[in-house]
Amino acid sequence: MQHVSPIREPLVTGGKTYHDITEDVCRQVEAKPNARWAAALAVALVGLAIFLWSVYRTLWFGIGEWGLNKTVGWAWDITNFVWWVGIGHAGTLISAILLLFRQKWRTSINRAAEAMTIFAVICAAMFPVLHMGRPWLAYWVLPLPNTFGSLWVNFNSPLLWDVFAISTYFSVSLVFWYIGLIPDFATIRDRATGPIARRAYAFLSFGWTGSAKAWSRYETVSLILAGLATPLVLSVHTIVSMDFATSVIPGWHTTIFPPYFVAGAIFSGFAMVLTLMIITRKVFKLEDYITLEHVESMNKVIILTGSIVGVAYITEFFIAWYSGVEYEQYAFINRATGPYWWAYWAMMTCNVITPQLFWFRSIRRSLTATFIITIFVNIGMWFERFVIIVTSLHRDYLPSSWAMFSPTIVDIGVYVGTIGLFFTLFLLFAKFFPVVNMAEVKSILKSSSEVKHHPHGTMHGTDKDSHTNTHP
Amino acid sequence: MTKKFVLGIYDDEDVLLQAIENVRAAGTNIYEVFSPYPVHGIDDVLGIKRSRLPIVAFFCGLFGTSFALWMQIWMLGFDWPMIIGGKPHISLPAFIPVTFELTVLCAAFGMVITFFIVTKLKPSFKVNVFDKRSTDDKFVMAIEVKEGVTDMSALNNLLRSNGAIEVNEKEVIK
Chain X
1 MQHVSPIREP
11 LVTGGKTYHD
21 ITEDVCRQVE
31 AKPNARWAAA
41 LAVALVGLAI
51 FLWSVYRTLW
61 FGIGEWGLNK
71 TVGWAWDITN
81 FVWWVGIGHA
91 GTLISAILLL
101 FRQKWRTSIN
111 RAAEAMTIFA
121 VICAAMFPVL
131 HMGRPWLAYW
141 VLPLPNTFGS
151 LWVNFNSPLL
161 WDVFAISTYF
171 SVSLVFWYIG
181 LIPDFATIRD
191 RATGPIARRA
201 YAFLSFGWTG
211 SAKAWSRYET
221 VSLILAGLAT
231 PLVLSVHTIV
241 SMDFATSVIP
251 GWHTTIFPPY
261 FVAGAIFSGF
271 AMVLTLMIIT
281 RKVFKLEDYI
291 TLEHVESMNK
301 VIILTGSIVG
311 VAYITEFFIA
321 WYSGVEYEQY
331 AFINRATGPY
341 WWAYWAMMTC
351 NVITPQLFWF
361 RSIRRSLTAT
371 FIITIFVNIG
381 MWFERFVIIV
391 TSLHRDYLPS
401 SWAMFSPTIV
411 DIGVYVGTIG
421 LFFTLFLLFA
431 KFFPVVNMAE
441 VKSILKSSSE
451 VKHHPHGTMH
461 GTDKDSHTNT
471 HP
Chain H
1 MTKKFVLGIY
11 DDEDVLLQAI
21 ENVRAAGTNI
31 YEVFSPYPVH
41 GIDDVLGIKR
51 SRLPIVAFFC
61 GLFGTSFALW
71 MQIWMLGFDW
81 PMIIGGKPHI
91 SLPAFIPVTF
101 ELTVLCAAFG
111 MVITFFIVTK
121 LKPSFKVNVF
131 DKRSTDDKFV
141 MAIEVKEGVT
151 DMSALNNLLR
161 SNGAIEVNEK
171 EVIK
């Protein structure tokens with residue numbers, strides 16, 4: 001039996017029983033959609049429509065619809081790509097890394113966070129695919145035999161590594177998420193009253209019965225997948241950073257990029273998880289499962305990773321000076337004082353200064369303050385990628401080719417549109433899928449709930465040692 | 001062919017674990033135990049051996065590593081050699097990222113597909129569950145009844161005296 005210290009705060013409050021957990025999570029799956037959900041979906045669908053319109057413009061008229069020019073060949077597209085991939089990383093961190101570290105508080109947030117990962121990676125993948133200009137030839141990035149006498153893809157290119165990294169990351173995350181969903185689909189299936197719901201969830205549950213043997217294998221599979229996903233998530237953002245770091249552009253060509261990008265990804269991902277969870281717990285009344293303890297734990301991760309990102313910004317500056325390379329020095333002075341100074345200082349304010357407020361316990365435990373700060377972090381991390389990409393490119397070696405980047409309506413449309421796509425997917429998930437991993441929360445209930453779970457049946461004197469973990 | 005089962009219903013994991021030990025000690029063979037979540041320690045009392053899925057994952061991963069290295073070395077080194085950035089045709093450091101990704105991909109998918117096959121998990125519209133509450137809040141111990149061999153009242157007493165809140169009978173078409 002596991003031991004949980006009595007001085008720790010309980011992970012599930014409100015004296016829930018196993019059945020209460022089932023009821024609380026299944027309620028929104030079984031109930032008719034409420035007005036707030038429908039209104040939110042309507043807004044998200046408007047975003048999706050903007051996305052479809054912008055994609056149509058991009059595909060029909062070509063990449064010329066975007067604000068790119070000869071000097072700034074990467075701008076909002078790759079900014080958005082890195083931003084979305086980074087957001088996705090928190091889900092894997094919560095589901096895999098915190099599982100390996102046996103952090104039990106992850107159980108009530110991992111489902112929604114992993115869903116966020118998958119939807120964020122879908123949004124991210126849109127940008128490189130659209131940037132190809134001819135996405136119907138996207139399969140050319142794969143090493144397939146072809147009519148050019150089998151001219152193969154270039155395995156030395158970080159852009160190709162990205163293809164393998166992102167597609168592996170997406171498919172492994174999807175499988176990891178789905179394995180966790182199977183027992184919960186079985187719970188919904190066994191409660192379903194309508195014939196469509198029963199058949200649909202039976203199909204999704206893969207015939208899960210919850211036998212001891214199946215659970216034993218399930219736990220093994222989860223542990224090994226967590227062990228595989230942990231280096232995978234670190235490799236993905238490392239490889240994303242190599243898209244920049246292996247080039248010779250001043251401001252990009254730095255060895256600090258992989259750890260700095262990974263920390264930034266976790267930082268922005270946790271911010272997005274918090275933004276979403278603060279809304280989700282309120283709308284679906286999950287305050288007993290996603291407690292202030294959870295919010296505080298995530299805020300601590302934000303201070304840590306935010307501080308790593310802050311140190312990385314300062315280190316970059318120091319190394320630029322210390323390298324003695326004038327191009328490198330100019331790139332950094334131009335970032336802070338050049339025409340894009342506002343983007344640089346927006347990044348510094350949002351990412352380095354605002355998260356430091358979480359050193360105060362009252363702010364860490366305030367939902368309003370957390371919500372506002374996480375929005376700042378989301379904005380700051382978008383600016384970080386914009387600063388890295390656009391300010392490094394817009395003044396290259398020849399002053400005659402210096403240029404500025406300004407987004408077109410289609411640029412803005414694709415970006416705003418992916419936010420619409422993301423929220424459409426997330427809202428559909430929140431309505432039809434269990435947003436909290438019921439089986440995993442049930443497994444921690446006995447050791448870490450506020451009030452001891454009293455079974456209503458008769459006991460036969462075997463519960464003598466089960467009172468040791470109760471909270472008074 | 002129909003099979004008959006006696007189902008002992010429990011509502012606490014510690015009671016269940018003790019009951020499994022006592023029932024097995026009494027010489028009764030447990031067909032299967034169903035629970036709404038993974039109960040820690042149940043493998044030991046039921047005598048479930050450690051899963052060999054990690055071994056499957058290892059060998060699938062090993063296949064991924066070898067396949068990725070072979071693919072890159074053959075394609076860029078032998079089938080159509082090209083000089084890229086002045087590097088050797090076979091520049092192993094540059095092949096590491098793709099090798100790593102394919103290792104993870106093969107290990108994960110190989111293990112998960114094996115898991116689905118050995119646990120007999122596949123999409124189907126109809127599922128036979130012994131007791132529907134076992135995916136909600138109850139633990140179900142199923143014991144197969146052999147006609148003429150099993151003493152029903154003794155079994156009933158054994159389950160109840162070990163904390164079962166209900167004892168039911170169920171026939172399942174196999």
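If you're matching them up, the sequences are chains X and H in order. If you count by full-length UniProt numbering, then the first sequence holds residues 1 to 472, one letter each, in order. If you count by full-length UniProt numbering, then the second sequence holds residues 1 to 174, one letter each, in order. For every residue, glycine included, the Cβ atom is placed at its ideal position computed from N, Cα and C.
Annotation for L53(H): no beta strand (DSSP E) segment contains it, though the alpha helix (DSSP H) segment containing it runs L53 to Q72. Here the C-alpha atom of T255(X) lies approximately 27 Å from the C-alpha atom of F405(X). Per DSSP, E171(H) is one residue of the beta strand (DSSP E) stretching across E166 to I173. Within 7 Å of the CB of W252(X), no CB atom of chain H is found; the nearest one sits about 16 Å away.
In this model, Q28(X) and K431(X) are separated by some 6 Å (Cα to Cα).
Residue pairing for F34(H): DSSP places it in a beta bridge opposite S211(X) and V140(H).
Nearest in C-alpha terms to D20(X), of all of F429(X), A49(X), R385(X) and L286(X), is L286(X). Beta-bridge pairing by DSSP links L7(H) to A142(H) and N168(H).
For the segment 22-41 of chain H, the set of residues with a beta-carbon nearer than 8 Å to any beta-carbon of chain X comprises E32, V33, F34, S35, P36, Y37, P38, V39, H40 and G41, in chain order. Taking 7 Å as the cut-off between beta carbons, the residues of the segment 55-84 of chain H near chain X are A57, M71, Q72, M75, L76, D79, W80 and I84, in sequence order.
Taking a contact to require three or more Cβ pairs closer than 8 Å, the segment 6-15 of chain H and the segment 156-174 of chain H qualify as touching.
Using a CB distance cut-off of 8 Å, K213(X) counts as an interface residue toward chain H. Out of P407(X), V441(X) and L428(X), the CA that lies nearest to the CA of A44(X) is found in L428(X). In terms of Cβ geometry, L130(X) and V55(X) form a close pair [threshold 8 Å]. Our two residues, I444(X) and L159(X), have alpha carbons roughly 43 Å apart in a direct line.
Taking CB atoms only, I173(H) has no neighbour in chain X less than 8 Å away.
Residues of chain H with a Cβ closer than 8 Å to the Cβ of I249(X) do not exist, since the nearest Cβ in that chain sits about 15 Å away. In this structure, F100(H) lies near S235(X), with their beta-carbon atoms less than 8 Å apart.
Closest by C-alpha distance to D411(X), out of I314(X), K32(X) and W74(X), is W74(X). When the beta-carbon positions are compared, D79(H) and W152(X) come within less than 8 Å of each other.
Residues of chain H whose Cβ lies closer than 8 Å to the Cβ of S205(X) are, in chain order, V127. For the pair A212(X) and D43(H), the Cα-to-Cα distance works out to about 7 Å. Rounded to the nearest angstrom, the gap between the Cα atoms of I97(X) and G227(X) is 8 Å. Taking one beta carbon from each stretch, the segment 407-424 of chain X and the segment 390-397 of chain X have fewer than 3 pairs nearer than 8 Å; the two do not touch. Checking the DSSP bridge columns, you'll see T2(H) partnered with I173(H). Distance from F164(X) to V98(H) at the Cβ level is roughly 5 Å; contact confirmed, criterion being Cβ atoms closer than 8 Å.
The Cβ of D396(X) sits no closer than 8 Å to any Cβ of chain H. Cβ proximity to chain X below 8 Å picks out S91, A94, F95, P97, V98, F100, E101, L102, V104, L105, A107, A108, F109, M111, V112, F115, F116, V118, T119 and K120 from the segment 90-120 of chain H.
Taking the Cα positions, F376(X) is about 31 Å away from W402(X). Burial check for W177(X): the Cβ neighbour count within 10 Å reaches 16 or more, so the residue is buried.
Counted as a single uninterrupted DSSP element, the alpha helix (DSSP H) harbouring R364(X) occupies residues R361 to R364.
For R217(X), the neighbours in chain H by C-beta distance under 9 Å run, in chain order, S51, L53, F115, V118 and T119. Nearest neighbour of P143(X) by Cα position, chosen from I117(H), V56(H), F67(H) and D137(H), turns out to be F67(H). Taking a beta-carbon distance threshold of 8 Å, L46(H) counts as an interface residue toward chain X. Counting C-beta atoms within 10 angstroms of its own C-beta, A42(X) has fewer than 16 neighbours from the protein chains shown and is therefore classed as exposed. In this structure, V295(X) and R365(X) form a Cβ contact; the two beta carbons are roughly 7 Å apart against a cut-off of 8 Å.
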